[in-house]
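K.L.:
Top to bottom, those sequences are chains G, L, W and E. Quick note on numbering: the numbering used here labels position 139 of the first sequence as 139, and the sequence is numbered without any gaps. Quick note on numbering: the numbering used here labels position 94 of the second sequence as 1094, and the sequence is numbered without any gaps. Quick note on numbering: the numbering used here labels position 21 of the third sequence as 2021, and the sequence is numbered without any gaps. Quick note on numbering: the numbering used here labels position 176 of the fourth sequence as 3176, and the sequence is numbered without any gaps. Ideal Cβ positions, reconstructed from N, Cα and C, are used throughout, including at glycine.
There are 4 protein chains.
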Amino acid sequence: MPKIEISDIRRRELIAATIATIYEQGFADATVARIARRAGLSTGIVHHYFRDKDHLLEATMRSLASGLGMEIAARLASAERPRERLEAVIDGNFSATQFTREAVTAWTCFWSQVPFSERLSRIQRVIYSRLRSNLLHALRQMMPAQQAEDTAFGLITIIDGLWLRAALDGEGLDPVRARALAYGFVDTRLPAGSKSNEAAA
Amino acid sequence: MPKIEISDIRRRELIAATIATIYEQGFADATVARIARRAGLSTGIVHHYFRDKDHLLEATMRSLASGLGMEIAARLASAERPRERLEAVIDGNFSATQFTREAVTAWTCFWSQVPFSERLSRIQRVIYSRLRSNLLHALRQMMPAQQAEDTAFGLITIIDGLWLRAALDGEGLDPVRARALAYGFVDTRLPAGSKSNEAAA
Amino acid sequence: MPKIEISDIRRRELIAATIATIYEQGFADATVARIARRAGLSTGIVHHYFRDKDHLLEATMRSLASGLGMEIAARLASAERPRERLEAVIDGNFSATQFTREAVTAWTCFWSQVPFSERLSRIQRVIYSRLRSNLLHALRQMMPAQQAEDTAFGLITIIDGLWLRAALDGEGLDPVRARALAYGFVDTRLPAGSKSNEAAA
Amino acid sequence: MPKIEISDIRRRELIAATIATIYEQGFADATVARIARRAGLSTGIVHHYFRDKDHLLEATMRSLASGLGMEIAARLASAERPRERLEAVIDGNFSATQFTREAVTAWTCFWSQVPFSERLSRIQRVIYSRLRSNLLHALRQMMPAQQAEDTAFGLITIIDGLWLRAALDGEGLDPVRARALAYGFVDTRLPAGSKSNEAAA
DNA sequence: AATGAATGAGAATTCATTCAT
DNA sequence: AATGAATGAATTCTCATTCAT
Chain G
1 MPKIEISDIR RRELIAATIA TIYEQGFADA TVARIARRAG LSTGIVHHYF
51 RDKDHLLEAT MRSLASGLGM EIAARLASAE RPRERLEAVI DGNFSATQFT
101 REAVTAWTCF WSQVPFSERL SRIQRVIYSR LRSNLLHALR QMMPAQQAED
151 TAFGLITIID GLWLRAALDG EGLDPVRARA LAYGFVDTRL PAGSKSNEAA
201 A
Chain L
1001 MPKIEISDIR RRELIAATIA TIYEQGFADA TVARIARRAG LSTGIVHHYF
1051 RDKDHLLEAT MRSLASGLGM EIAARLASAE RPRERLEAVI DGNFSATQFT
1101 REAVTAWTCF WSQVPFSERL SRIQRVIYSR LRSNLLHALR QMMPAQQAED
1151 TAFGLITIID GLWLRAALDG EGLDPVRARA LAYGFVDTRL PAGSKSNEAA
1201 A
Chain W
2001 MPKIEISDIR RRELIAATIA TIYEQGFADA TVARIARRAG LSTGIVHHYF
2051 RDKDHLLEAT MRSLASGLGM EIAARLASAE RPRERLEAVI DGNFSATQFT
2101 REAVTAWTCF WSQVPFSERL SRIQRVIYSR LRSNLLHALR QMMPAQQAED
2151 TAFGLITIID GLWLRAALDG EGLDPVRARA LAYGFVDTRL PAGSKSNEAA
2201 A
Chain E
3001 MPKIEISDIR RRELIAATIA TIYEQGFADA TVARIARRAG LSTGIVHHYF
3051 RDKDHLLEAT MRSLASGLGM EIAARLASAE RPRERLEAVI DGNFSATQFT
3101 REAVTAWTCF WSQVPFSERL SRIQRVIYSR LRSNLLHALR QMMPAQQAED
3151 TAFGLITIID GLWLRAALDG EGLDPVRARA LAYGFVDTRL PAGSKSNEAA
3201 A
């Protein structure tokens, strides 16, 4: 049984405070002081747990990515057929715990930093690769390689586009509608036999 | 013949410098001083032409939006059939002058600010409405209303997703591939007779 | 007949605009640009008529002083007896044209600058000397020299104090009350035969 | 024993530095940087203890007012008869610790700001009310109400006028002469029995 | 582990002044 | 005589980071 370190607790609290602060004040106004205050800690301690602000932001993005990854992994674990694996990826991306207003807002902020930060860029690449690999693994069993490649690319684009929409539309985006678009896209690419509505029928 | 005001020239130069600086240094490091220097001007003059930095950024986003809008409008002007109108919108979004690395980078930055700025949010809403209205106008002549609605939403999501992809992928995104995804999405939603490959045939 | 130079007109306009701007925006916010705008002129022209801002301010203080001086001089011209000369000085200081909200506000600002500006300090000294000399001239004919000296000092202090009060009290100071205090002070210092109420009787 | 907070110490130091800097450089040149340097601190810390420059200035004016108030209060504590209360107020205003060149200079600066700052205006009103109330309390026991009112007004005007004189006259003002004027004014208003020279006799 | 005082660099903004037109 | 574009220094304020306690 792994001991729960107090340092891990603090780190988690600070990451959560970072996400909350970005959501409430915006990326530019998410200062170390404000994040620390939100976590109920002092300014100084932040640098005890994270080397500097960049490392805290990096850890935050990584944490968001890992939350998403675990959500998907959990669903993949109980997926057997290719179609189910696809659904695991899509549903994971729009699950109630991940597809939140806080998360989409934070993601949009991190995306805007990616082109200027090698660290964030690396995280972004890892997420993309993992997502693509998951999708290809399923799609290749359902269609020719090139078509699978294109479908994976399209699906990732749609997922990202939906997250962006959710951040841009003040009122938030209906996860049902989001999933519907993603499923709809996949369905038109699949051979007749593996469509979801037929599976449901 | 409208006189070319020097103030219009300066404003344009400053907006261009803003986009370039954001692209090269990132949103956070796009300081007024750096933008001014890039425009070959002094810091002070920026506030002579734009009340403050927020207004300059707003004008920049507006300028990007208007560039995109004009690109699309120009193509719409010579479009007659619904299918052509669709193509005008898509092609406008991925034209060589608009779908640049500078532009996609700047857009990603502005998107990240939208949730925290009523001004930018308003611009974003106008762009979205215009795009949606253009698409619906064409799509309603090709399919039932609800389906047109969904297709427009999907297409916008894909377009935004592709712009985001272009910003996130270091090497840039092939506009041909981008267009292919968008066209492909539309084609699967259209009745057989109006597909692009058949039109081309 | 002296020709009225346009430069004199401009100078007067700028001085008037300076007083008005100080009154409306405060000394710190009375910028050259705002003063010029209020005078309906451009920023640049201010430096054509006044070497720099300091000179404009100096001219403004001088103009206020000269207005006050002329108001007093006019009354002194028709004063014959010492008592009338005293009244001329007091009434001049609280006349409707000089004892205005604009003027008292501007004076307070200039006073605060006096200790740090040799130029303004010199003007201040001239005003003080002139006032003192006018008062002494009258008072020495009514009382012993030392007593005249003290009375002049007291009266000047009261006059300045009243101007200050007028600036500090938001609602403005009743000139009747102001004059009453000044007259009252003088009366208590005078031998019975020359009091104002008796003179009026 | 109340713990002496370091924040109180710093605040006091900064306020003292503000007064000194205003005295030496003038109100306009009393920049945050200069004040901080004079206090031996960095610019940044000023905003740690005072929200912004306005708050520092407000605290400084308040501190001056409170110094004066305590000086008067201390004398009032040992005053028994009305006449002694009057003396307490006057002497407090011209005591060696309060009637300094630094203080009179700073006051003149603050007075010039009063008409443009609601905050400073409020402080000014409080000071005035307190002074007036102290004086009326004593004067009403020595003369009719209306006359007490006028005398209080006159005395306050003279006190302010003397402070102003002290700031304007380069060489400084003799506190003995200042007190003499104030006492002389009061004496002429009092019934014979309560004059100071007679009391001293 | 934790605090928060303190620093100092750097940001936006203002403004007097100059100068080409 | 007049404009207003342009400059660049100066100012206030913010913030990440450090460090003594």
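With a threshold of 8 Å on Cβ separation, who are the neighbours of Phe-2050/W within its own chain once the five nearest residues in sequence on each side are excluded?
P.N.:
Within the third sequence, the letter at position 50 stands for residue 2050/W. Same-chain partners within the cutoff: Arg-2011, Leu-2014, Leu-2056, Ala-2059.
K.L.:
Using the C-alpha atoms, what's the distance from Lys-3053/E back to Tyr-3128/E?
P.N.:
Residue numbering aside, residue 3128/E sits at position 128 when the fourth sequence is read from its first letter. Residue numbering aside, residue 3053/E sits at position 53 when the fourth sequence is read from its first letter. The alpha-carbon atoms of Tyr-3128/E and Lys-3053/E are separated by roughly 24 Å.
K.L.:
Indicate the three-state DSSP secondary structure (helix, strand or coil) for Gln-1124/L in the structure shown.
P.N.:
To locate residue 1124/L, count along the second sequence from 1; it is residue 124. Gln-1124/L: helix per DSSP, three-state reduction.
K.L.:
Roughly how many angstroms separate the alpha carbons of Glu-3102/E and Ala-3065/E, rounded to a whole number?
P.N.:
For the purposes of this step, residue 3102/E is taken as the residue at position 102 of the fourth sequence. For the purposes of this step, residue 3065/E is taken as the residue at position 65 of the fourth sequence. C-alpha separation (whole angstroms): 13 Å.
K.L.:
With H, G and I counted as helix, E and B as strand and the rest as coil, what does DSSP make of Gly-3026/E?
P.N.:
Here residue 3026/E is taken as the residue at index 26 of the fourth sequence, counted from 1. It is coil, neither helix nor strand.
K.L.:
Quick one, are the C-beta atoms of Val-104/G and Ala-167/G less than 8 Å apart?
P.N.:
Residue 104/G sits at position 104 when you count from the first residue of the first sequence. Residue 167/G sits at position 167 when you count from the first residue of the first sequence. For Val-104/G and Ala-167/G, yes; Cβs fall inside 8 Å.
K.L.:
Roughly how far, in whole angstroms, is the beta-carbon of Ala-1138/L from the beta-carbon of Arg-1189/L, given that I think they are within contact range, below 8 Å?
P.N.:
Counted from its first residue, the second sequence places residue 1138/L at position 138. Counted from its first residue, the second sequence places residue 1189/L at position 189. That belief does not hold up - the Cβ atoms of Ala-1138/L and Arg-1189/L are roughly 12 Å apart, past 8 Å.
K.L.:
With a threshold of 8 Å between beta-carbons, can Gly-2161/W be considered close to chain E, or not?
P.N.:
Walking along the third sequence from the start, residue 2161/W turns up at place 161. Yes - at least one Cβ of chain E is within 8 Å of the one on Gly-2161/W.
K.L.:
In whole angstroms, what separates the C-alpha of Ile-2090/W from that of Trp-2107/W?
P.N.:
Position 90 of the third sequence, counted from the start, is the residue given in the question as residue 2090/W. Position 107 of the third sequence, counted from the start, is the residue given in the question as residue 2107/W. Approximately 17 Å between the Cα atoms of the pair.
K.L.:
Just to confirm, are Gln-141/G and Pro-82/G a CB contact at a threshold of 8 Å?
P.N.:
Locating residue 141/G in the first sequence gives position 141, where the first residue counts as 1. Locating residue 82/G in the first sequence gives position 82, where the first residue counts as 1. Yes, the Cβ-Cβ distance between Gln-141/G and Pro-82/G is below 8 Å.
K.L.:
State the start and end residues of the unbroken alpha helix (DSSP H) segment that holds Val-2046/W.
P.N.:
Position 46 of the third sequence, counted from the start, is the residue given in the question as residue 2046/W. It spans 2043 to 2049 - the alpha helix (DSSP H) in which Val-2046/W sits, taken as one unbroken run.
K.L.:
Roughly how many angstroms separate the alpha carbons of Ala-16/G and Ala-39/G, rounded to a whole number?
P.N.:
In the first sequence, counting from the first residue as 1, residue 16/G sits at position 16. In the first sequence, counting from the first residue as 1, residue 39/G sits at position 39. Each residue's Cα considered, the two are about 8 Å apart.
K.L.:
What residues in the region 2072 to 2106 of chain W have a beta carbon less than 8 Å from any beta carbon of chain E?
P.N.:
Per Cβ criterion, the list reads Thr-2105.
K.L.:
Flag this pair as touching only if the region 1175 to 1185 of chain L and the region 174 to 182 of chain G have three or more C-beta atom pairs under 8 Å; answer yes or no.
P.N.:
No: the two stretches stay apart, fewer than three of their Cβ pairs being nearer than 8 Å.
K.L.:
What span of residues does the alpha helix (DSSP H) with Leu-1173/L cover, start to end?
P.N.:
Mapped onto the second sequence, residue 1173/L falls at position 173. No alpha helix (DSSP H) contains Leu-1173/L, which DSSP labels as neither H nor E.
K.L.:
Using the rule of at least 16 other Cβ atoms within 10 Å of the residue's Cβ for burial, across every protein chain shown, is Thr-3097/E buried or exposed?
P.N.:
The residue you call residue 3097/E lines up with position 97 of the fourth sequence. So Thr-3097/E ends up on the exposed side.
K.L.:
Spatial neighbours of Ile-159/G within its chain, please: C-beta separation below 7 Å, excluding the five flanking residues on both sides.
P.N.:
The residue given as residue 159/G occupies position 159 in the first sequence. These residues qualify, in order along the chain: Asn-93, Ala-182.
K.L.:
Within 10 angstroms of the Cβ of Gly-161/G, are there 16 or more other Cβ atoms? Answer buried if so, exposed if not.
P.N.:
In the first sequence, residue 161/G corresponds to position 161, counting from 1. Looking at its Cβ environment, which holds 16 or more other Cβ atoms inside 10 Å, Gly-161/G is buried.
K.L.:
Between the C-alpha atoms of Thr-3018/E and Arg-3037/E, what's the straight-line distance to the nearest angstrom?
P.N.:
Sequence index remark: in the fourth sequence, residue 3018/E carries index 18 (1-based). Sequence index remark: in the fourth sequence, residue 3037/E carries index 37 (1-based). Between Thr-3018/E and Arg-3037/E, the C-alpha separation is close to 10 Å.
K.L.:
If you reduce the DSSP assignment to three classes, tell me which class Ile-4/G lands in.
P.N.:
For the purposes of this step, residue 4/G is taken as the residue at position 4 of the first sequence. It is coil, neither helix nor strand.
K.L.:
Which residues, taken in chain order from the region 1142 to 1158 of chain L, show a beta carbon closer than 9 Å to some beta carbon of chain G?
P.N.:
Correct list: Asp-1150, Phe-1153, Gly-1154, Ile-1156, Thr-1157, Ile-1158.
K.L.:
Report the rounded CA-to-CA distance for Leu-131/G versus Ala-148/G, giving the unit in angstroms.
P.N.:
Walking along the first sequence from the start, residue 131/G turns up at place 131. Walking along the first sequence from the start, residue 148/G turns up at place 148. Each residue's alpha carbon lies about 13 Å from the other.
K.L.:
On a CA-only basis, which of Trp-163/G, Leu-41/G, Gly-170/G is nearest Arg-1122/L? Give me that one, please.
P.N.:
Your numbering for residue 1122/L matches position 122 in the second sequence. Per the Cα distances, Gly-170/G.
K.L.:
Give a yes or no on whether the minimum CB-CB distance between Val-2186/W and chain E is below 8 Å.
P.N.:
Position 186 of the third sequence holds residue 2186/W. No, its Cβ sits nowhere closer than 8 Å to a Cβ of chain E.
K.L.:
Short check: CB of Thr-1021/L to CB of Ile-1009/L, under 8 Å?
P.N.:
Position 21 of the second sequence, counting from 1, holds the residue named residue 1021/L. Position 9 of the second sequence, counting from 1, holds the residue named residue 1009/L. No, these two residues do not count as a Cβ contact at 8 Å.
K.L.:
How big is the Cα-Cα spacing for Arg-3125/E and Phe-3099/E?
P.N.:
For the purposes of this step, residue 3125/E is identified with residue 125 of the fourth sequence, where counting begins at 1. For the purposes of this step, residue 3099/E is identified with residue 99 of the fourth sequence, where counting begins at 1. Distance between the alpha carbons of Arg-3125/E and Phe-3099/E: 20 Å.
K.L.:
Please go through the region 1052 to 1114 of chain L and give each complete beta strand (DSSP E) segment of 3 or more residues, from N-terminal end onward.
P.N.:
Here no run is fully enclosed.
K.L.:
Can you name the residues of chain L whose CB is closer than 7 Å to the CB of Phe-27/G?
P.N.:
By one-based count along the first sequence, residue 27/G stands at place 27. By Cβ distance, chain L contributes Ser-1112.
K.L.:
For Asp-1150/L and Gly-154/G, what's the separation of their Cα atoms in angstroms?
P.N.:
For the purposes of this step, residue 1150/L is identified with residue 150 of the second sequence, where counting begins at 1. For the purposes of this step, residue 154/G is identified with residue 154 of the first sequence, where counting begins at 1. Distance between the alpha carbons of Asp-1150/L and Gly-154/G: 17 Å.
K.L.:
Taking Cβ-Cβ distances shorter than 8 Å, what residues in chain E pair up with Gly-2170/W?
P.N.:
Counted from its first residue, the third sequence places residue 2170/W at position 170. The contacting residues are Pro-3115, Ser-3121.
K.L.:
Does chain E have any CB closer than 8 Å to the CB of Glu-2198/W?
P.N.:
Counting from 1 along the third sequence, the entry for residue 2198/W is found at position 198. Caution is warranted here: a pLDDT of 40 is assigned to Glu-2198/W, below 50, making its placement in the model unreliable, and the coordinate value is therefore given only provisionally. By this cut-off, Glu-2198/W is not an interface position.
K.L.:
Can you list, in chain order, the residues of the region 2122 to 2140 of chain W whose Cβ is nearer than 7 Å to any Cβ on chain E?
P.N.:
Within the region 2122 to 2140 of chain W, the qualifying residues are Gln-2124.
K.L.:
What residue from Ser-1007/L, Ile-1006/L, Pro-1144/L, Phe-1027/L has the CA that sits closest to Ser-112/G's CA?
P.N.:
On the first sequence, position 112 is the one that residue 112/G refers to. The option with the nearest alpha carbon to Ser-112/G is Phe-1027/L.
K.L.:
When you compare each of Ala-33/G, Ser-7/G, Val-186/G to Leu-135/G by their alpha carbons, which one comes out closest?
P.N.:
On the first sequence, position 135 is the one that residue 135/G refers to. Nearest of Ala-33/G, Ser-7/G, Val-186/G to Leu-135/G, Cα basis: Val-186/G.
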